[in-house]
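*Asks:* Protein chains in written order, with my numbering: chain A, 61 to 392; chain B, 4 to 495.
First the structure, which I've put down as structure tokens, then a few questions once you've had a look.
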């Protein structure tokens, strides 16, 4: 039965991918990309990778769809024909390279251990310690959270900086060059009364759910990355339904930028504090009297840092793009 | 704090970046970023001396020992590169404040410095880590920051150049990630030393072959090995000049380092050179890169683009050194990595000075420019001589070892090719010297003054480094010799 579901989901993935290539309406492409994300998330659930699935659902199906839609409102809805005379559009070469890459990947899978095999190297080398000892060493139920926030916490620090770097990139390149007075603009969906009322009720729930995901990451799927994205999407929703001018009253540029920086600094400071207390960078054992307590505190604060930076950067990216659109004089 | 040096090396710039966002005022941000970079430089110098005294340093992040946690590992191979990255970054930042005045709008300066710090932290992180996945994470940081820095160029084509690099770089990074993923599937570990121990057990599998192929091709994309170099000339030509200075001197070197680390340390010499025709492939592409890129460089009017093609050619030399598969060959590559950083740093900084005064660095507008910017062009001359490989400069030292490595293998034609490549660089450097020194000033030449001291001083620091390390080779040669011996130590 499970392999039957696998086949169905994978063939839907392939169909969606082909549709994305074929369809010229970029609005439809964005929606298909969102569907692709959701299908991948379902596939990850089947593979028992719930944290990954959650992230994919929040990022791949959720926030990236919104960000691409915002971009589309600046670029126009339809793809330009690529094979017009004069353009150097050569799909044959690209197709050949992609086919070669795919063939090599399939070749590489031939000697791979069977998926889920108990004697596969990934199950027998480092993982047993994570599974068997993390209860004593870190003492939180979600082993994935132990690995990403503690055992490999330095990678996660790097990932937060990646997000921060993306935010800096957007600010550096498309931040409005002069701060003109904001043009009073009608919200694009002002007439949709039902949408407005329903989402007004939804927004607080989304925010609470974001906080739940943030602080529940140690017990179930979730954590700072997903929480930050969910939290930020409530702001997007508000801006889309009630207009940028209204949203600007809630979101102050300077403060959001400061928060994005503070999230990274919070994560790093936890590491530095451990160092000052005599441990290595990010060694949470040195944060409190007993090790497990220190681990709990460390994970709580670094996850908070992640959540703050991710939410702030998402808000920065969305508002920078939207403000740019507004200035370019195309309110819709 | 001494035991923490290896991690401080990376987290000082990494945390200085968000702190800069809080400072906001651009003068303050510049001062803080420069200070942080100089501290980072001091840390890397201390690390190098510590490694030279007492051998490799290992540091467990979060106190979790490898392979469960992430390990930083500083040895003879990466310690000198850390010094190069932080050193070039510190010197370039001294000039950056003046250089970007005319090239980047004022309200973006703070973001520029933040992206710079992130880029440097990323490059340092890739170099310092002993964990394969951690390489990828820091690669992402440095790549994203690099795309931003390039796109800040004032020419609109900078955006397109950055986008091309983004596409090429993302494909490269994805290939690297696929390679790492497949290695993990077969060994269950991400730590480099642990991988090196566990890979031989499974090395005769299609999965490990595929991992190797994807990883190496991905790295070659990042290091712009001919013919995967197409992103580089535009990126270097249209990026703000000071960014080109920093990237040309450091970024590709880091990719070459990653390649050496994985070929020799992780996969091992035996696997890399016996299961794959790696030697033939690298030698062919290396030599082809030297010739094609040098010939293209001869016909460029934009000098930044000319030097960019020259960089592609120099990468050819680095790869050629690896293809010798010998201790001398690797030593020559390592030496040339450091030396090329010094020469390209000096040359691009001279171009930054020209761009600062003239707005562009086009040869057609530089008739007799040496009489107006004598110090800048003298720096270019010495940097150029170093690039060619004239005695008393660093270029001579590394070419010398490259040629001797070729002769050691009995590869006479290759040695001849290296010398022929140097002749080509004589041509493209001479073109500039001829126009700048021996043509009289024409109407086309803008009436400009010598560059300001804030650019001249960093430029001449690098020029003097070219001369100093060209004459006193004891430090660079002994360090690279020990690193090469380490790489081959496990083999003998």
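Positions of the beta carbon are idealized from the N, C-alpha and C atoms, including for glycine.
Please compile the residues from chain B whose C-beta is within a distance smaller than 9 Å of the C-beta of residue 86 (chain A).
*Replies:* Those within 9 Å of residue 86 (chain A) in chain B number zero; the least Cβ separation is about 18 Å.
*Asks:* Any residues in the segment 341-355 of chain A with a beta carbon nearer than 9 Å to a beta carbon of chain B? Which ones, in chain order?
*Replies:* Per Cβ criterion, the list reads 341, 342, 343, 344, 345 and 346.
*Asks:* Which one or two residues does DSSP pair with residue 138 (chain A) in a beta bridge?
*Replies:* A:85, per the DSSP bridge assignment.
*Asks:* In its own chain, which residues sit with a C-beta less than 8 Å from the C-beta of residue 70 (chain A), not counting the 5 before and 5 after it?
*Replies:* If we look at residue 70 (chain A) and ignore the five residues flanking it on each side, its Cβ neighbours are 103.
*Asks:* To which residues does DSSP link residue 134 (chain B) through a beta bridge?
*Replies:* Paired residue(s): B:194.
*Asks:* Could you name the residues of the segment 152-176 of chain B whose beta carbon sits closer than 7 Å to any beta carbon of chain A, in the order they occur along the chain?
*Replies:* The segment 152-176 of chain B vs chain A, Cβ under 7 Å: 154 and 155.
*Asks:* Taking DSSP as the reference, what is the three-state secondary structure of residue 74 (chain B)?
*Replies:* Reduced to three states, the DSSP call for residue 74 (chain B) is strand.
*Asks:* Within a Cβ cutoff of 7 Å, which residues of the same chain sit near residue 382 (chain A), ignoring the five residues on either side of it in sequence?
*Replies:* Closer than 7 Å at the Cβ level, and outside the excluded window around residue 382 (chain A), lie 130, 299 and 304.
*Asks:* Report back the beta-carbon spacing between residue 327 (chain B) and residue 412 (chain B) to the nearest angstrom; my notes put them in contact at under 8 Å.
*Replies:* That belief holds up - the Cβ atoms of residue 327 (chain B) and residue 412 (chain B) are roughly 6 Å apart, short of 8 Å.
*Asks:* Just to make sure I have the definition right: I need the residues of chain A whose C-beta is within less than 7 Å of the C-beta of residue 1 (chain B). Which are they?
*Replies:* Since the first residue shown for chain B is 4 and the last is 495, residue 1 (chain B) is missing from the structure and cannot be characterised.
*Asks:* In chain A, what lies closer than 9 Å to residue 7 (chain B) by C-beta?
*Replies:* What residue 7 (chain B) touches in chain A: 335, 340 and 341.
*Asks:* Report the partner residues of residue 2 (chain B) according to the DSSP bridge assignment.
*Replies:* What is shown of chain B runs 4 to 495, which leaves residue 2 (chain B) out entirely.
*Asks:* Spell out whether any CB of chain B is found under 9 Å from the CB atom of residue 186 (chain A).
*Replies:* By this cut-off, residue 186 (chain A) is an interface position.
*Asks:* Throw me the rounded Cβ distance for the residue 297 (chain B) and residue 316 (chain B) pair, which I believe falls under 8 Å.
*Replies:* Right, their Cβ atoms sit about 5 Å apart.
*Asks:* Starting from residue 14 (chain B), trace the alpha helix (DSSP H) in both directions and tell me its first and last residue.
*Replies:* Segment 8-26, the alpha helix (DSSP H) holding residue 14 (chain B).
*Asks:* Identify every run of the alpha helix (DSSP H) within the segment 225-296 of chain B, keeping only runs that are complete inside it and at least 4 residues long; order them along the chain.
*Replies:* DSSP runs (the alpha helix (DSSP H)) wholly in the segment 225-296 of chain B: 235-241, 244-263 and 272-277.
*Asks:* Check the C-beta distance from residue 181 (chain A) over to residue 271 (chain B) and give it rounded, since I have them as a contact under 8 Å.
*Replies:* In fact, because the Cβ distance is near 18 Å, the residues do not count as touching under 8 Å.
*Asks:* In whole angstroms, what is the alpha-carbon distance linking residue 65 (chain B) and residue 465 (chain B)?
*Replies:* Cα to Cα, the separation comes out at about 38 Å.
*Asks:* Please determine if the segment 442-461 of chain B and the segment 340-357 of chain B are in contact, where contact requires at least 3 C-beta pairs separated by less than 8 Å.
*Replies:* Touching, yes, given that three or more Cβ pairs across the two stretches are closer than 8 Å.
*Asks:* With DSSP as the reference, label residue 1 (chain B) as helix, strand or coil.
*Replies:* Because chain B here runs from 4 to 495, residue 1 (chain B) falls outside it and cannot be looked at.
*Asks:* Which of the three DSSP states is assigned to residue 342 (chain B) in this structure?
*Replies:* If DSSP states are grouped into helix, strand and coil, residue 342 (chain B) belongs with the helices.
*Asks:* When you compare each of A:126, A:110 and A:108 to residue 95 (chain A) by their alpha carbons, which one comes out closest?
*Replies:* When each option's Cα is compared against that of residue 95 (chain A), the closest is A:126.
*Asks:* Since residue 128 (chain B) meets chain A, which of its residues come closer than 8 Å, beta carbon to beta carbon?
*Replies:* The answer, in chain order, is 218.
*Asks:* Taking CB distances under 9 Å as the criterion, tell me whether residue 117 (chain B) reaches chain A.
*Replies:* True, the Cβ-Cβ gap to chain A drops below 9 Å.
*Asks:* Indicate whether residue 374 (chain A) and residue 310 (chain A) have their beta-carbon atoms separated by less than 9 Å.
*Replies:* In this structure, residue 310 (chain A) does not lie closer than 9 Å to residue 374 (chain A) by Cβ.
*Asks:* Would residue 227 (chain B) pass as a contact of residue 182 (chain B) if the rule is Cβ separation under 9 Å?
*Replies:* No.
*Asks:* Is residue 143 (chain B) close to chain A? Criterion is C-beta to C-beta, closer than 9 Å.
*Replies:* Answer yes: the Cβ-Cβ gap between residue 143 (chain B) and chain A drops below 9 Å somewhere.
*Asks:* Can you pull the chain A residues whose beta carbon is under 7 Å from the beta carbon of residue 111 (chain B), in chain order?
*Replies:* By Cβ distance, chain A contributes 232.
*Asks:* Quick one, are the C-beta atoms of residue 227 (chain A) and residue 377 (chain A) less than 9 Å apart?
*Replies:* It is a contact, given that the beta carbons lie within the stated cut-off.
*Asks:* Could you say which of B:336, B:150, B:232 and B:201 lies nearest to residue 308 (chain B) if we only look at CA atoms?
*Replies:* Closest option to residue 308 (chain B), Cα to Cα, is B:232.
*Asks:* Let me know if residue 282 (chain A) comes out buried or exposed under the rule of 16 or more other beta-carbons within 10 Å of its beta-carbon.
*Replies:* So residue 282 (chain A) ends up on the buried side.
*Asks:* I'd like to know whether the C-beta atoms of residue 121 (chain B) and residue 40 (chain B) end up nearer to each other than 9 Å.
*Replies:* The answer is no: Cβ separation not under 9 Å.
*Asks:* How about residue 233 (chain A) and residue 26 (chain B): do their beta carbons lie closer than 9 Å?
*Replies:* The answer is no: Cβ separation not under 9 Å.
*Asks:* Are there 16 or more other CB atoms within 10 angstroms of the CB of residue 1 (chain B), so buried, or fewer, so exposed?
*Replies:* There is no way to answer for residue 1 (chain B), as the model of chain B reaches only from 4 to 495.
*Asks:* Hey, is residue 28 (chain B)'s beta-carbon within less than 9 Å of any beta-carbon in chain A?
*Replies:* Not closer than 9 Å to any Cβ of chain A, the Cβ of residue 28 (chain B) fails to qualify, so no.
*Asks:* Just reading off the alpha helix (DSSP H) that residue 464 (chain B) is part of, what are its end residues?
*Replies:* It spans 456-474 - the alpha helix (DSSP H) in which residue 464 (chain B) sits, taken as one unbroken run.
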